[in-house]
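The structure appears right after this line, and notes come after that.
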Amino acid sequence: DTGVSQNPRHKITKRGQNVTFRCDPISEHNRLYWYRQTLGQGPEFLTYFQNEAQLEKSRLLSDRFSAERPKGSFSTLEIQRTEQGDSAMYLCASSLGQGTSTDTQYFGPGTRLTVL
Amino acid sequence: AQKITQTQPGMFVQEKEAVTLDCTYDTSDPSYGLFWYKQPSSGEMIFLIYQGSYDQQNATEGRYSLNFQKARKSANLVISASQLGDSAMYFCAMRNGGSNYKLTFGKGTLLTVNP
Chain A
23 DTGVSQNPRH KITKRGQNVT FRCDPISEHN RLYWYRQTLG QGPEFLTYFQ NEAQLEKSRL
83 LSDRFSAERP KGSFSTLEIQ RTEQGDSAMY LCASSLGQGT STDTQYFGPG TRLTVL
Chain B
32 AQKITQTQPG MFVQEKEAVT LDCTYDTSDP SYGLFWYKQP SSGEMIFLIY QGSYDQQNAT
92 EGRYSLNFQK ARKSANLVIS ASQLGDSAMY FCAMRNGGSN YKLTFGKGTL LTVNP
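Going down the list, the sequences are from chains A and B. For the record, in the first sequence the residue sitting at position 56 is 78 according to the working numbering, with numbers rising by one throughout. For the record, in the second sequence the residue sitting at position 82 is 113 according to the working numbering, with numbers rising by one throughout.
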């Protein structure tokens with residue numbers, strides 16, 4: 023049984039560069055979520071997919087951010103023209119999508135982004 | 032808007048003793064779910080326990096139990112017989128029934144288990 027996987031685990035980039043992260047959810051999980059966690063804070067919701075449809079985006083997700091989930095499988099999160107304020111842990115989670123509050127989200131190990 | 036408050040930035044406990052981590056929440060939605068996650072230094076969020084707003088009994092999962100006091104809007108996590116491996120950040124989170132996708136997290140409590 024494989025859990026949620028994320029690649030890369032660490033990414034160091036220079037300001038202004040583009041970066042892309044990948045998330046592979048637990049198989050058969052219909053819902054996929056992206057969160058961002060900065061130092062000393064809890065994770066903050068960024069966006070959410072039901073199968074391939076992106077159904078919600080937080081105001082935290084500026085125009086420089088884009089997420090996709092082609093064919094309802096893996097997802098990618100791209101940040102264009104990175105800024106130092108983008109430095110954070112980016113967490114991906116998936117859930118079955120039971121449609122109730124019991125729908126537990128299972129998280130991946132995260133991608134830690136450092137923008138120099 | 033929903034809000035989670037964890038007032039204990041850090042807690043210490045002796046190995047084999049019990050510890051309670053506090054969590055209060057605020058929501059106007061009568062249907063909601065409360066979650067606790069553990070985050071070791073490696074970074075992965077590990078699901079521990081869930082409590083639904085309509086559940087009549089407090090949730091339990093092994094050494095973890097949730098002290099749910101609905102009128103006080105509190106959902107404290109109790110860890111019994113602490114182990115060294117319990118040292119980690121612990122996050123309380125909530126999801127409203129109306130927006131059954133987004134989790135709102137507190138700032139977390141850093142638990143240190145002393146030998």
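C-beta: ideal position from N, C-alpha, C; glycine also.
Note: His32 (chain A) is bridge-paired with A:Arg134 in the DSSP secondary-structure output.
Proximity of chain A to Tyr95 (chain B) at the Cβ level (cut-off 9 Å) is not reached, the minimal Cβ distance being about 14 Å. Within the stretch 100-116 of chain B, no residue places its CB atom closer than 9 Å to a CB of chain A.
Look at the stretch 58-76 of chain B: the residues with a C-beta under 8 Å from a C-beta of chain A are Ser62, Tyr63, Gly64, Phe66, Tyr68, Ser73, Gly74, Glu75 and Met76. When DSSP assignments are scanned along the stretch 66-145 of chain B, no uninterrupted stretch of alpha helix (DSSP H) that is 4 or more residues long falls wholly within it. Ranked by Cα distance from Gln37 (chain B), the options B:Tyr85, B:Asp60, B:Lys104 and B:Ala90 are led by B:Lys104. Apart from sequence neighbours up to five positions away, the residues of its chain that approach Ala110 (chain A) with a beta-carbon distance below 7 Å are Arg58, Gln59, Thr60 and Leu135, ordered along the chain. In the three-state scheme derived from DSSP, where H, G and I count as helix and E and B as strand, Gly64 (chain B) is classed as strand. DSSP places Gly25 (chain A) outside both helix and strand once states are collapsed to three, so it counts as coil. Within the same chain, and ignoring the five residues on either side of Thr51 (chain B) in sequence, the residues whose Cβ sits closer than 6 Å to its Cβ are Asn107 and Val109. About 20 Å separates the CB atoms of Leu54 (chain A) and Arg81 (chain A); that is not less than 8 Å, and the two are not in contact.
Excluding its 5 nearest sequence neighbours in each direction, Glu100 (chain A) has C-beta neighbours in its own chain below 6 Å: Thr42 and Ser88, listed in chain order. Close to chain B, meaning a Cβ-Cβ distance shorter than 9 Å, are the following residues of the stretch 39-71 of chain A: Arg53, Tyr55, Tyr57, Gln59, Gly62, Gln63, Gly64, Pro65, Glu66, Phe67 and Tyr70.
Taking the beta carbon of Gln127 (chain A) as reference, the chain B residues within 7 Å of it are Leu134, listed in sequence order. Here the alpha carbons of His51 (chain A) and Leu65 (chain B) stand approximately 21 Å from one another.
In the DSSP assignment, Ser117 (chain A) falls within the unbroken beta strand (DSSP E) covering Ala110 to Ser117. About 17 Å separates the CB atoms of Thr133 (chain A) and Gln63 (chain A); that is not less than 8 Å, and the two are not in contact. Residues of chain B with a Cβ closer than 8 Å to the Cβ of Thr124 (chain A) are, in chain order, Gly64, Tyr81 and Gly83. Taking 8 Å as the upper bound for CB-CB distance, Pro71 (chain B) and Thr140 (chain B) are not in contact here, some 14 Å apart. Scanning its chain for C-beta atoms nearer than 8 Å, with the 5 sequence neighbours on each side dropped, one finds around Asn145 (chain B) the residues Phe43, Val44, Gln45 and Glu46, in chain order.
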